[in-house]
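Which chain is which? The protein sequence lines are A and B, in order. Residues 1 to 405 (UniProt numbering) are what the first sequence spells out, left to right. Residues 1 to 405 (UniProt numbering) are what the second sequence spells out, left to right. Even glycine gets a Cβ: it sits at the ideal position worked out from N, Cα and C. Take a look at the structure below.
Number of protein chains: 2
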Amino acid sequence: MRKPRVVVLGAGYAGLMTVTRLQKQLGTNDAEIILVNKNDYHYETTWLHEASAGTLHHDRVRYDIKGVVNTSKVNFLQASVEDIKVAEKKVVTDQGDVEYDYLVIGLGAEAETFGIQGLHEHAFTISNVNGARQIRDHIDLQFATYKAEGEINDERLTIVVGGAGFTGIEFLGELGNRVPELCKEYDIDQKKVRIVCVEAAPMILPGFDPELVKYARAALEKKGVEFSIGTPLKEAREGSVLIAKSEDEIEELKAGTIVWAAGVRGSTLIEKSGIENMRARVKVNLDLRAPGHDDIFVLGDCSLMINEETERPYPPTAQIAMQQGETCARNIAALVHGKDQLENFKPDIKGTVCSLGEDDAIGVVYGKKLTGVKASFMKKVIDNRSLFMVGGPSLVFKKGKFKFF
Amino acid sequence: MRKPRVVVLGAGYAGLMTVTRLQKQLGTNDAEIILVNKNDYHYETTWLHEASAGTLHHDRVRYDIKGVVNTSKVNFLQASVEDIKVAEKKVVTDQGDVEYDYLVIGLGAEAETFGIQGLHEHAFTISNVNGARQIRDHIDLQFATYKAEGEINDERLTIVVGGAGFTGIEFLGELGNRVPELCKEYDIDQKKVRIVCVEAAPMILPGFDPELVKYARAALEKKGVEFSIGTPLKEAREGSVLIAKSEDEIEELKAGTIVWAAGVRGSTLIEKSGIENMRARVKVNLDLRAPGHDDIFVLGDCSLMINEETERPYPPTAQIAMQQGETCARNIAALVHGKDQLENFKPDIKGTVCSLGEDDAIGVVYGKKLTGVKASFMKKVIDNRSLFMVGGPSLVFKKGKFKFF
């Protein structure tokens, strides 16, 4: 009898968690496990804002997949997924086709630009290690060029961040810390630099406790961030953005750097696959399977789950993605072992902390509101916990964050 | 009686040497000394190729002027010189006019583009700290963008260096060392990177011993440098250069980075001043004064002196500039002390070493040919000697190069 084949797409939080749990729960004779990922490394999506701002080197936000995967039980295929052929139970990659018995889709998110003109061409997004390096180097070059051309174009030093959600705010916090370093590096008067956050919604960090939001805004303003709130970004151009200040008033803001951090959607491969979805996210069953597809699990940013208490979707967080990975692994192990009673996924939200730079944060942990050093400490505990869950203490030792105070 | 005022323009090798010697030879009551420089730091022009390639941080190639100048004897004015009004014996700067009794012009060199179309717009030059930072960051961004856009445009990784003279060759040597680091930093296959040196003359390093030139070329080729020799660069465009491969054949070479390192001229301020000059350089008298101007000394890259043995001009080197500074200081001290017999400048050329990266070099020192580790060692001795001449052992300790092997 042929061993069933489990194919996991994506080595993000969800996919990697699934694989590292599956490799413990399944014996070599139980199933064949294949992990497919574009890069030979995993990166911490929730740390990318640091690599993008240049406050943390990108090698600190990634680690080798082969270092955490048991290669005697898991075959790692470095390949780009090009198509998911549900009817044929196979995945098309640039390294050839891969057939599956059980499929786990953890392909992560893509930037959602809501059809805003010019964003794709003129704005960066904080989406992966390659993009993060590009943002960092672009900002460096703007500062260098400003100086080299004789300080004639102050707008080179303006950084526009579109979006005051989680990613936007965390990136602004890092920029607030990075700009003084950049000014020192390039002999530039810090007064010349502007960091402007443009947000369509009437508030920053929607869903966060208002008191914490107030703290966050004041902390970022102290670091030099300007906010333009309730003012949709209408268009991005070469070197500027158009902002709707009111119904009739459009302002052009010149900026050397434009970063779009205002939204994510699931993978376009989901849409292409024909699996029922909403903005490329699959509203999964309670056992994390795609409706109508008993052999397909969808996790992380590609999945959509409604929180019954709030009647709103759970946010696409690393915390939930990792918990989904654990449940998914147990459910696949059950299927492989011939059981048809699967476990329902129940998120256990321990808390949410939003960093405001290395030295400051806000958050709610186990129901308790935190700010400043305490919140910043908890943020690092959470970041280290992600490493621990996947790679144990040795990974925490290698890549962890220990500059607590 | 009013003290005579000595104004020194430029804190390069020549100007700074003049000032640090003058402050020892003149008492506070003898003369007023004013040093005018655009930046508050001196930079080692002969190390800029390292900062440009990114192999040495720019803070290692510069030091504070106030750290080496005796501020109780020398007034330092941070200002950009805008005009030299010879008839009125005054210098116009962006911080106001400065009158002089004795003037020392050590304003350094500017890039000479020989009227080649597009060079000014599309090529970088290794001319100062600001420019060096820009080249480094531009190359970084090209590598990052190559990766972020999906490795579709290999030409981003091509670096064209125009000129196989001293600066061009030294820069190529650093690039040869830097590229493997860049490939590691950006996860790029080194085979994709091209470093191409384009030179109009039929040989590299004209004036150097042919055996050493052969060594240099082989060493650089081993580091991945391609040479296109005897092929003038005809035009620089956005993202490419045109190279005359023969009389009838023009080749377009696409390149993400174009650096022009093929020639220098004196300062345009010299031309503007009306002082007799050739390509902005003044053919000075033996006592280093400008012909017809008994109160003006011209040193370094702004000066031109014929070597009577070879009947060719001495090359514009740091070694000669510093020696000129010493002679100039003695001559000014003599004038201030009422002597009219000035000393003639005699260059004492101890040797010339051309670096091929941190780990390799060629050179002739005290008449002896050197290559490899020995030459590389001598290069660092020479670099440290420049520091020692201006700032003594403490400056060598702070900024010196000690990674000898």
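Simplified DSSP state of residue i, which is helix, strand or coil
i               : result
H337 of chain B : coil
D376 of chain A : Sequence check: residue 376 of chain A is Ser here, not Asp. Helix, per DSSP.
H42 of chain A  : strand
G392 of chain B : helix
I275 of chain A : coil
H57 of chain A  : coil
L172 of chain B : helix
E199 of chain A : strand
G96 of chain A  : strand
L342 of chain A : coil
Y63 of chain B  : strand
F208 of chain B : coil
K283 of chain A : strand
Residue-level contact to chain A via CB, residue i, 8 Å cutoff
i               : result
K147 of chain B : yes
Q95 of chain B  : no
A321 of chain B : no
R178 of chain B : no
A144 of chain B : yes
H138 of chain B : yes
Q117 of chain B : no
Q25 of chain B  : no
R133 of chain B : yes
Beta-carbon contacts of residue i that lie in its chain and below 8 Å, excluding the five residues immediately before and after
i               : result
N177 of chain B : A53, T55, K223, G357, E358, D359
K401 of chain A : K380, D383, N384
T145 of chain B : R156
K272 of chain B : D83, I84
Beta-carbon proximity list for residue i, same chain, < 7 Å, skipping 5 on both sides
i               : result
Y366 of chain A : K350, G351
E82 of chain A  : V92, T93, D94
C328 of chain A : T18, V104, L288, F297, L299
L212 of chain B : I362, K369, T371
H122 of chain A : A236, R237, E238, I258
S267 of chain B : L107, G108, E110, A280, C302
K245 of chain B : T231, E251
Y41 of chain A  : R62, Y63, D64, I65
Test: residue i CB closer than 8 Å to a CB of chain B
i               : result
L141 of chain A : yes
H42 of chain A  : no
Y186 of chain A : yes
N130 of chain A : yes
R289 of chain A : no
Same chain, Cβ closer than 6 Å to residue i, neighbours up to 5 away in sequence not counted
i               : result
L48 of chain A  : I126, A132
G230 of chain B : P202
A200 of chain A : P232
N75 of chain A  : I34
T46 of chain B  : A318
D97 of chain A  : K90
E32 of chain A  : K3, R5
D101 of chain A : P4, R5
V179 of chain B : V193
Any non-hydrogen atom of the ligand NAP closer than 7 Å to residue i Cβ
i               : result
G351 of chain B : This structure lacks the ligand NAP; in fact it carries no ligand of any kind.
Within chain D, partners of residue i - CB distance below 9 Å
i               : result
A236 of chain B : Looking for chain D here will not work: the only protein chains present are A and B.
According to DSSP, residues forming a beta bridge with residue i
i               : result
W260 of chain A : A:T125, A:G162
N307 of chain B : B:R312
R289 of chain A : A:F297
T352 of chain B : B:V364
F76 of chain A  : A:L35
A236 of chain A : A:V241
V104 of chain A : A:V8, A:F297
A111 of chain A : A:V264
R21 of chain B  : Answer is none; R21 of chain B lacks a bridge partner.
K254 of chain A : A:S240
D83 of chain B  : B:V92
T371 of chain A : A:I362
> Of all the residues that make up the region 46-68 of chain A, which are near chain B by a beta-carbon distance shorter than 8 Å?
Replying inline: none
>> Any C-beta of chain A within less than 8 Å: which residues of the region 69-87 of chain B qualify?
In response: none
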